[in-house]
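Visitor: Okay, so the sequence shown: first residue is 681 according to my numbering, each after it adds one. Glycine residues also receive a C-beta, built at the ideal position from the N, C-alpha and C atoms.
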Amino acid sequence: MALYLIGDLQGCNEPLQRLLRTVDFSPSRDTLYVLGDLVNRGPDSLAVLRYLQPLGDAAQCLLGNHDLNLLGIHRGLRKPHRKDTVQEVLDAPDCEALLDWLRHRRMAIHSHGWLMVHAGVLPQWSTAQTMALAGEVEQALRGPDLTGFLRGMYGNTPDRWDDALTGADRLRVIVNALTRMRFCTSDGAMEFESTGSVQTALPGYLPWFEVPGRKTAGTPIAFGHWSTLGADAAAKAGLLNNTLPLDTGCVWGGCLTAARLGQAPGTFERVTVDCEAAQSPR
681 MALYLIGDLQ GCNEPLQRLL RTVDFSPSRD TLYVLGDLVN RGPDSLAVLR YLQPLGDAAQ
741 CLLGNHDLNL LGIHRGLRKP HRKDTVQEVL DAPDCEALLD WLRHRRMAIH SHGWLMVHAG
801 VLPQWSTAQT MALAGEVEQA LRGPDLTGFL RGMYGNTPDR WDDALTGADR LRVIVNALTR
861 MRFCTSDGAM EFESTGSVQT ALPGYLPWFE VPGRKTAGTP IAFGHWSTLG ADAAAKAGLL
921 NNTLPLDTGC VWGGCLTAAR LGQAPGTFER VTVDCEAAQS PR
């Protein structure tokens, strides 16, 4: 049995299939952990969803910001961005079944010694608290008022965690950390405008995994979302502060990356396939 962690797909089905052929993936034997952003910006979001959905437990998929955005568009709460490529999903005869499957995906996974998220973990959260808070969002996503949850999900404030937060503010901070965060301050205030390399951080902000005293520092964390960081980390071939960034910019013409987990805790082997740009640079 092999375990693979895979970075952002963003609707790039052809590279996904080449990657799976490269590693000889078998759903009867192996397990994929896909770290969110299954859809959007790439050419084949519908094919990606139709491939992953029938795999059952062999494909453990996280939700990323683009996946949540698709749910919001479907519910009429967001208008598609000019670079969005999800209309084929919305027009598909099996759209309702696919999006019902999507809303039941996870916000965080802790398995085989790794914590897996799409974007990041606030420095004040332990691994156990991260999983508990992710579970609160999962419950809202699967509940009877999905539209209400999605309506309250958007926004950049509050910009930091407080245990006393309730309602939409509480869920919004959790979603923003797990699916959007790149930089934050030492006390966990998030900043969402900087999207480039670590050198683009505003004064007073750090990559979330570099914050001193981060409570999850002892847990290996795999994440996506940050393509410039993932590409740089892949070139160096190691962990960054005990984290493994796996978005290597497939949709932008980089590569699609999987990490095959080793038997020893925190060990892995990278496997990549080259991709052609499906979107022009941001």
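Alpha carbon to alpha carbon, how far is residue 732 from residue 895?
Guide: Cα to Cα, the separation comes out at about 33 Å.
Visitor: Among residues of its own chain, excluding the 5 on either side of residue 725, which ones have a beta-carbon nearer than 7 Å to its beta-carbon?
Guide: Closer than 7 Å at Cβ, skipping near neighbours: 691, 719, 765, 766, 768 and 769.
Visitor: Where does residue 803 fall in DSSP's three states?
Guide: The answer is coil: DSSP assigns residue 803 none of H, G, I, E or B.
Visitor: Taking DSSP as the reference, what is the three-state secondary structure of residue 955?
Guide: Three-state DSSP puts residue 955 in coil, outside helix and strand.
Visitor: Residue 904: buried (16+ other C-beta within 10 angstroms of its C-beta) or exposed?
Guide: Answer is buried; the Cβ neighbour count reaches 16.
Visitor: Closest to residue 912 by CA distance: which of 865, 702, 929 and 951 is it?
Guide: The option with the nearest alpha carbon to residue 912 is 929.
Visitor: Would you kindly work out how many angstroms separate the C-alpha atoms of residue 694 and residue 877, rounded to a whole number?
Guide: Cα to Cα, residue 694 sits roughly 27 Å from residue 877.
Visitor: Comparing C-alpha positions only, which one of 847, 844 and 838 sits nearest to residue 864?
Guide: Nearest option by C-alpha distance: 838.
Visitor: How long is the line joining the alpha carbons of residue 745 and residue 859, rounded to whole angstroms?
Guide: Cα-Cα distance, rounded: 5 Å.
Visitor: Residue 760 to residue 722, Cα distance in whole Å?
Guide: Cα to Cα, the separation comes out at about 14 Å.
Visitor: So residue 733 is in the alpha helix (DSSP H); what residue range does that whole segment cover?
Guide: No alpha helix (DSSP H) contains residue 733, which DSSP labels as neither H nor E.
Visitor: What's the gap between the Cα of residue 816 and the Cα of residue 931?
Guide: Approximately 31 Å between the Cα atoms of the pair.
Visitor: If distances are taken between C-alpha atoms only, which option among 727, 829 and 706 comes closest to residue 737?
Guide: With distances taken between Cα atoms, residue 737 lies closest to 706.
Visitor: For a test of the three-state rule: what should DSSP assign to residue 907, helix, strand or coil?
Guide: Reduced to three states, the DSSP call for residue 907 is helix.
Visitor: Compute the Euclidean distance between the alpha carbons of residue 890 and residue 852, then round it to the nearest angstrom.
Guide: Roughly 23 Å between the two C-alpha positions.
Visitor: Let me make sure I understand the geometry here. Which of 727, 789, 812 and 897 has the alpha-carbon closest to that of residue 774?
Guide: Of 727, 789, 812 and 897, the residue nearest in Cα terms is 727.
Visitor: Look at the alpha carbon of residue 893 and the alpha carbon of residue 758, and state the distance between them as a whole number of angstroms.
Guide: For residue 893 and residue 758, the distance between alpha carbons rounds to 37 Å.
Visitor: Quick one: using the 10 Å Cβ neighbour count with 16 as the cut-off for buried, is residue 870 buried or exposed?
Guide: Under this definition residue 870 is a buried residue.
Visitor: How many Å lie between residue 784 and residue 828 at the Cα?
Guide: Distance between the alpha carbons of residue 784 and residue 828 is about 16 Å.
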